[in-house]
Structures are given as C-alpha cells and as structure tokens.
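Reading through the structure tokens given below for one structure.
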Amino acid sequence: MDSRDQGEPRQLHPLPKGLVEVYGLIAVLVVLIPEWIADGTLNLGGRVVRNPLPMSGPAWKAIPELQLAALSLAELRILASRMRLIGYASDSRDKLTRRLLRRMRRRLRHRWNAL
C-alpha cells in the first residue's frame, strides 16, 4: 500500500533558500521596472503634472453636476446649509449630491419661469 492511503501527511520538499530569493527578486523586478518606465514616460521633458484634470473650463462653471463633484463632503454640507436643506448632516455624499442637484434644478426652473 501507498503511504497516502494510510492517512499520513504528505511530505513537501523545501526549496533552497537561494532559489526563493531569486524568485523574490524576479517578482520585484517584474513589478518595479514597468512602473519606472511608466513614470519616466509620463515625466518626459521634465514636466511634472500634479493636477491632470484642470477644473477651470466653462463646463465646470456651467454644469451643476461637475460643480458638486469638485466639492469635498464638508463643502457640500456648507452648501446644503446655505440652501437650507433639512437633515443634510446625516446624508452620504451621493444622497447629499442628489438632494443638492434637485434643489439647484428647482431654483433654476423658478428663475426661468419668473422671466
């Protein structure tokens, strides 16, 4: 009979320490070298881009969804306070954004109807 049939645990042969270190080095190089190449490619010409999406275009000033997306949660809550929303402090970012958008659209409709 085979030793596996008797319920004895299977013996694994350990890898040599040098081979484990070589595998670790290869794994690090496979991750780091492509990252260095990508970083060097992005920084060609000595340009370091800190904010890749400038928010100064006309769309950011005209579209309410983009305006609210640019605000932090604290800024959204300040805006909700100014717009006199009730119970805004416990709202999540998504719910608060939806409520603010509804209020902003409602105000825009009232302005257009008044003209």
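Everything in the sequence shown is counted per our numbering, starting at 30 for the first residue and increasing by one. We treat Cβ as the ideally placed atom computed from N, Cα and C, and that holds for glycine. Remember, predicted model here, so these are calculated numbers, not experimental data.
Label residue i either buried or exposed according to how many other C-beta atoms from any shown protein chain fall within 10 Å of its C-beta, with 16 as the threshold for buried.
i, result
"A67", "exposed"
"A118", "exposed"
Our contact map puts residue i next to residue j with C-beta atoms below 8 Å; I'd like the distance itself, whole angstroms only.
i, j, result
"E94", "L58", "No, E94 and L58 are not in contact; Cβ-Cβ is about 44 Å, not under 8 Å."
"L114", "R132", "7 Å"
"R122", "L108", "The pair is not a contact, with the Cβ atoms about 12 Å apart (cut-off 8 Å)."
Counting beta carbon pairs with one atom in the segment 58 to 71 and one in the segment 85 to 99, are three or more of them shorter than 8 Å?
no
Which ranges does the beta strand (DSSP E) cover as unbroken runs of at least 3 residues, wholly within the segment 37 to 113, from first to last along the chain?
none
I want to know whether the segment 97 to 108 touches the segment 124 to 131 - three or more CB-CB distances under 8 Å.
yes
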